[in-house]
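The structure under discussion appears below in the form of structure tokens.
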Amino acid sequence: MKDEANEADEANEANRERLRGKRILLGVTGSIAAYKSAELVRLLRAAGAEVQVVLSRGGSAFITPLTLQALSGRPVRHQHLDPDSEAAMGHIELARWADVVLVAPASADFLARLAQGRADDLLAAVCLASESPLAVAPAMNRQMWEQPATRENLACLAARGVSVFGPESGEQACGEVGEGRMREPAMLAADLAGLFESGVLQGVRVLVNAGPTREPLDPVRFLSNRSSGRMGYALARAAQEAGAAVTLVSGPVALSPPERVVCQRVETAEEMRAAVLDAAGVADLFIAAAAVADYRPRQVAGDKLKKSSPRLTLELERTPDILAEVAALAAPPFTVGFAAETTNVEHYARAKLAAKGLDLIVANQVGGTQGGFEAQDNAVTVYWPGGAKSFPLMAKDKLARLLVTLIAERYHAKNPAQDS
Ligand SMILES: Cc1cc2nc3c(=O)[nH]c(=O)nc-3n(C[C@H](O)[C@H](O)[C@H](O)COP(=O)(O)O)c2cc1C
34 MKDEANEADE
44 ANEANRERLR
54 GKRILLGVTG
64 SIAAYKSAEL
74 VRLLRAAGAE
84 VQVVLSRGGS
94 AFITPLTLQA
104 LSGRPVRHQH
114 LDPDSEAAMG
124 HIELARWADV
134 VLVAPASADF
144 LARLAQGRAD
154 DLLAAVCLAS
164 ESPLAVAPAM
174 NRQMWEQPAT
184 RENLACLAAR
194 GVSVFGPESG
204 EQACGEVGEG
214 RMREPAMLAA
224 DLAGLFESGV
234 LQGVRVLVNA
244 GPTREPLDPV
254 RFLSNRSSGR
264 MGYALARAAQ
274 EAGAAVTLVS
284 GPVALSPPER
294 VVCQRVETAE
304 EMRAAVLDAA
314 GVADLFIAAA
324 AVADYRPRQV
334 AGDKLKKSSP
344 RLTLELERTP
354 DILAEVAALA
364 APPFTVGFAA
374 ETTNVEHYAR
384 AKLAAKGLDL
394 IVANQVGGTQ
404 GGFEAQDNAV
414 TVYWPGGAKS
424 FPLMAKDKLA
434 RLLVTLIAER
444 YHAKNPAQDS
């Protein structure tokens, strides 16, 4: 009994961890079960998720925006084709913002509109414009649920990759007993957490390096760069959530390592090289997201340099090329490089892919307004021999999950024998 309770606690804790920091767009449509959405918002917020509620046309007849706003901490959106709302976070931005869209409750009418690809209210338009995973929790009277029209709409949505949570059987608001009750909020929160656990890297040993390196000049000064480590940390978390056993080798950054990731902190390029080569021998996949210094001071002064002369010339020497060394190992892991370029991004990225014998390269333009170093958002293009895919500007966490999905696809395409 006690073991079961412990297991349940552990599962709840794991679900809360998966939901922490996730951006959830919760659609609420015209069903009596809308009152349960308030509790769902509360649970998701308690797990550390950000929740943006969007009410459908019918939804606002069942629950007030004020309740959902108070619980979510964000103004509820429901107006469609409204210039003021569009000027804030318009329907496209809402769609991009979300890591996942959950419609709970999902009315029969809304499911029909979704299946038809309509965009006749804000929620339907957001669903249509979103690239993020979409889930629905149907809630309706038993008769409505059993209608062939409803079942066909659901089958069509499921075939398009929409996750369907529930419904459950039991007593209904109309007094009937049967299938059609919305799943309880706690179960929906667990279902949602499960969406972030794709399993595409189950059992794969992933090594990620992240952050800048510091190359000392004297005991108090160093040369470094603007890397915040956010992209690498987000990739480590996304790979862990995808089922991988992750080791993170990190330069000095102001971030806490993700849960259940083994983290080793280093400072210099030389230290990073040693840690990465040590771990690469047992890694299946290496994601080189660190901004390792290309050059370091040739001499490191034993004492603090004095400002005695008007000019100081530093002589620099190359640091080891960690990525090239890993790719050149006798049995290298599947190797993913990053290219941060200010100009000619595709040209330099493809050249680096070929020269270093990488499996895949993630290129981003830095120095402009499109994210990159120090930013929360990033836009990248991924190149591999014979292919390319672009990702528009989005939060690094979300981008990391999409990149991990693509990396996993390429990894499994190269290693079919290792798939079960
Ligand atoms: C009191 C009442 C309860 C309703 N409950 C449900 C319900 O649980 N599920 C459902 O699919 N429709 C239900 N409906 C019908 C929907 O509210 C109606 O189809 C509405 O247009 C749906 O709007 P939406 O597409 O914006 O969700 C109910 C209607 C009323 C008047």
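So in my numbering the end of the sequence shown lands on 453, straight run, no missing numbers.
All residues carry an ideal CB built from backbone N, CA and C; glycine is no exception.
Predicted model only: the values in this text are computed from it and were never measured.
Report task. State the DSSP-derived secondary structure class of THR301, mapped to helix, strand or coil. Result -> It is coil, neither helix nor strand.
Query raised in the report: Hey, quick one: how far does the alpha helix (DSSP H) through THR376 stretch, first residue to last?
Result: Where THR376 is concerned, there is no enclosing alpha helix (DSSP H), given that its DSSP letter is neither H nor E.
Query - Where GLY106 sits in the DSSP three-state scheme - result: Under the three-state reduction of DSSP, GLY106 is assigned to coil, being neither helix nor strand.
Query raised in the report: Using the rule of at least 16 other Cβ atoms within 10 Å of the residue's Cβ for burial, across every protein chain shown, is ASN48 buried or exposed?
Result: Under this definition ASN48 is a buried residue.
**Report entry** Under the three-state DSSP convention, the category PRO365 falls into
**Finding:** The answer is coil: DSSP assigns PRO365 none of H, G, I, E or B.
Requested in this report: Starting from the Cα of ALA137, find the closest Cα among GLY199, ALA80, GLU83, SER118 and give me that residue.
Outcome: That would be GLY199, whose Cα lies nearest to the Cα of ALA137.
Query raised in the report: Going by Cα to Cα distance, which pick from GLY150, THR368, LEU345 is closest to ILE355?
Result: Ranking the options by Cα distance to ILE355, first place goes to THR368.
Requested in this report: Give the straight-line distance between the Cα atoms of VAL378 and VAL395, rounded to the nearest whole angstrom.
Outcome: Cα to Cα, the separation comes out at about 10 Å.
**Report entry** Candidates MET220, GLU185, MET122, of which the one nearest ALA170 by Cα
**Finding:** The option with the nearest alpha carbon to ALA170 is MET220.
Query raised in the report: Is ASN174 helix, strand or coil when you go by DSSP?
Result: Reduced to three states, the DSSP call for ASN174 is coil.
Query - alpha helix (DSSP H) segments (min. 4 residues) lying fully within the region 112-178 - result: List check, alpha helix (DSSP H) in window: 116-120, 124-130, 141-149, 155-162.
Query raised in the report: What do you reckon, is the C-beta of ARG90 under 7 Å from a heavy atom of ligand 1?
Result: Yes, ligand 1 has a heavy atom inside 7 Å of this Cβ.
Query - Uninterrupted alpha helix (DSSP H) stretches inside the region 270-338 (no shorter than 4 residues) - result: Taking only runs of at least 4 residues, the alpha helix (DSSP H) segments lying wholly in the region 270-338 are 302-313.
Query raised in the report: Apart from the five residues just before and just after VAL359, which ones in its own chain have a Cβ nearer than 8 Å to its Cβ?
Result: Taken in chain order, the residues that qualify are VAL309, LEU310, ALA313, PHE319, ALA321, PRO365, PRO366, THR368.
Query raised in the report: In terms of residues, what are the limits of the alpha helix (DSSP H) holding ARG90?
Result: Under the DSSP assignment, ARG90 falls outside any alpha helix (DSSP H); it carries neither an H nor an E label.
Query raised in the report: Rounded to a whole number of angstroms, what is the C-alpha to C-alpha distance between PRO166 and GLY335?
Result: Going by the C-alpha atoms only, they are around 55 Å apart.
Query - Proximity test, ASP153 beta-carbon vs ligand 1 heavy atom, cut-off 7 Å - result: Taking 7 Å as the cut-off, one finds no heavy atom of ligand 1 near enough to the beta carbon of ASP153.
Query raised in the report: If you draw a straight line from the C-alpha of ALA223 to the C-alpha of VAL253, how long is it?
Result: In a straight line, the C-alpha of ALA223 is about 49 Å away from that of VAL253.
Requested in this report: Go ahead and label THR183 buried or exposed: buried means 16 or more other beta carbons lie within 10 angstroms of its beta carbon, across all protein chains shown.
Outcome: Buried: at least 16 other Cβ atoms inside 10 Å.
Requested in this report: Please work out which residues of its chain come closer than 6 Å, Cβ to Cβ, to THR246, disregarding the five sequence neighbours upstream and downstream, and give them in chain order.
Outcome: Cβ-Cβ distances below 6 Å link THR246 to GLY284, THR301, ALA302, MET305, VAL325, ALA326 in the same chain, with the five nearest sequence neighbours on each side left out; the list follows chain order.
Query raised in the report: Less than 7 Å between the CB of ASN186 and some heavy atom of ligand 1, yes or no?
Result: Taken from the Cβ of ASN186, every heavy atom of ligand 1 lies 7 Å or farther away.
Requested in this report: Report the option in LEU338, GLU348, ARG344, SER341 whose CA atom is closest to the CA atom of ARG329.
Outcome: Check the Cα spacing between ARG329 and each of LEU338, GLU348, ARG344, SER341: the tightest is with GLU348.
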